[in-house]
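Asker: Before anything else, here's the structure in question.
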Amino acid sequence: MIKGQFKVSDPRLLSRIGYQFNEPELLQLALTHRSVSHKYNYERLEFLGDSLLGMIIANYLYHAYPKENEGRLTRMRATLVRQEALGKIANDLKLSQSLILSTGELKSGGHHRESILADTVEAIIGAIYIDCKDLSVLEPIVMNWYIPYLEHIEPTDQLKDPKSRLQEHLQARKQPLPVYEVVDIQGDAPNQHFKVECLVSGLPTLLGEGSSRRFAEQAVAAEILKILEQ
């Protein structure tokens, strides 16, 4: 078993999550980045948690907005499950203090990288479900995390992914378009992990990671947007 950078029984972490694990090893797995182990990491739990989160949020929106059509509900759901939203929840849960990362990933600031934090939130959702095997237990826990972000959610027609928003930001200022380059691919299909650099004039080169080239590009585009919008 891999030793974590925290105690899986940490009452503060468990209190913030709002759940006591019967199998604490599931929480440790949910917090373990693939830089530590290619076999023992959060990616499978993230896959499960992503689907569970989409269903939980869809169920909430269906009942909370009975007059909205399918298209607008879809955009509202996308706003709530996108990387930026999950990054905020990760910060609320203070997950950066508990991530299990390799020394290299720690030195490169991985414990503050929004893409990793967002993935970890989804992995924790998957871990809770595997542990309790009860959606009725999981759902109120997740919705409690979202309480600060539900009041102002609007069914906007303007929702776009980070790559599109970055391109439009640069085009509006007549600046060169971003250049994406794959710098590393680990693993074999279909279980590959991509690292992508994005080059934007006047900015330092940033790195994004994901289970596909597209996800990695979206991750690094989101990081660049945060810098530009500040």
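So for the sequence shown, my numbering puts the first residue at 943; every next one is plus one. From the three backbone atoms N, C-alpha and C, an ideal C-beta is built for every residue, glycine too.
#1: If you count every other CB in all the chains shown that lies within 10 Å of the CB of residue 954, and 16 or more means buried, which is it?
#2: Going by alpha carbons, who is nearest to residue 1083 out of 999, 1056, 1163 and 968?
#3: Using the Cβ count rule (16 or more neighbours within 10 Å means buried), how would you classify residue 1059?
#4: Using DSSP's beta-bridge definition, name the partner residues of residue 1135.
#5: Leaving out five residues on either side along the sequence, give the residues of the same chain with a beta carbon under 6 Å from the beta carbon of residue 1071.
#6: Give me the Cα-Cα distance between residue 1104 and residue 973, rounded to the nearest whole angstrom.
#7: Name the residue from 1126, 1107 and 1007 whose alpha carbon lies nearest to the alpha carbon of residue 1119.
#8: For residue 1146, which of 1021, 1170 and 1127 has the nearest alpha-carbon?
#9: Return the chain-ordered list of same chain residues with a C-beta closer than 7 Å to the C-beta of residue 1073, the five sequence neighbours on each side being excluded.
#10: For residue 1125 and residue 1137, which I take to be in contact (beta-carbon distance under 8 Å), what is that distance rounded to the nearest angstrom?
#11: Using the Cβ count rule (16 or more neighbours within 10 Å means buried), how would you classify residue 1089?
#12: Nearest-angstrom Cα distance between residue 1057 and residue 1013?
#13: For the alpha helix (DSSP H) containing residue 968, list its first residue and its last residue.
Answerer: Quick look at the numbers:
#1: For this step, residue 954 is matched to residue 12 along the sequence shown. It is exposed - the Cβ of residue 954 has fewer than 16 other Cβ atoms within 10 Å.
#2: Here residue 1083 is taken as the residue at index 141 of the sequence shown, counted from 1. Of 999, 1056, 1163 and 968, the residue nearest in Cα terms is 999.
#3: For the purposes of this step, residue 1059 is taken as residue 117 along the sequence shown, with counting starting at 1. Burial call: buried.
#4: One-based indexing of the sequence shown puts residue 1135 at position 193. DSSP, once it has assigned bridges, lists 1128 as partnering residue 1135.
#5: As a working mapping, residue 1071 is identified with position 129 in the sequence shown. 994 and 1080.
#6: Residue 1104 sits at position 162 when you count from the first residue of the sequence shown. Residue 973 sits at position 31 when you count from the first residue of the sequence shown. Using only the alpha carbons, I get a separation of about 25 Å.
#7: In the sequence shown, counting from the first residue as 1, residue 1119 sits at position 177. The shortest Cα separation from residue 1119 among 1126, 1107 and 1007 belongs to 1107.
#8: To locate residue 1146, count along the sequence shown from 1; it is residue 204. Cα-wise, what sits closest to residue 1146 is 1170.
#9: As a position in the sequence shown, residue 1073 is number 131, starting the count at 1. If we look at residue 1073 and ignore the five residues flanking it on each side, its Cβ neighbours are 963, 964, 965 and 968.
#10: What you label residue 1125 is simply residue 183 of the sequence shown in a count that begins at 1. What you label residue 1137 is simply residue 195 of the sequence shown in a count that begins at 1. Right, the Cβ-Cβ distance comes to about 5 Å (below 8 Å), so this counts as a contact.
#11: Walking along the sequence shown from the start, residue 1089 turns up at place 147. Exposed is the call here.
#12: Walking along the sequence shown from the start, residue 1057 turns up at place 115. Walking along the sequence shown from the start, residue 1013 turns up at place 71. Between residue 1057 and residue 1013, the alpha-carbon positions lie close to 26 Å from each other.
#13: Working through the sequence shown from its first residue, we reach residue 968 at position 26. 966–972 is the extent of the alpha helix (DSSP H) around residue 968.
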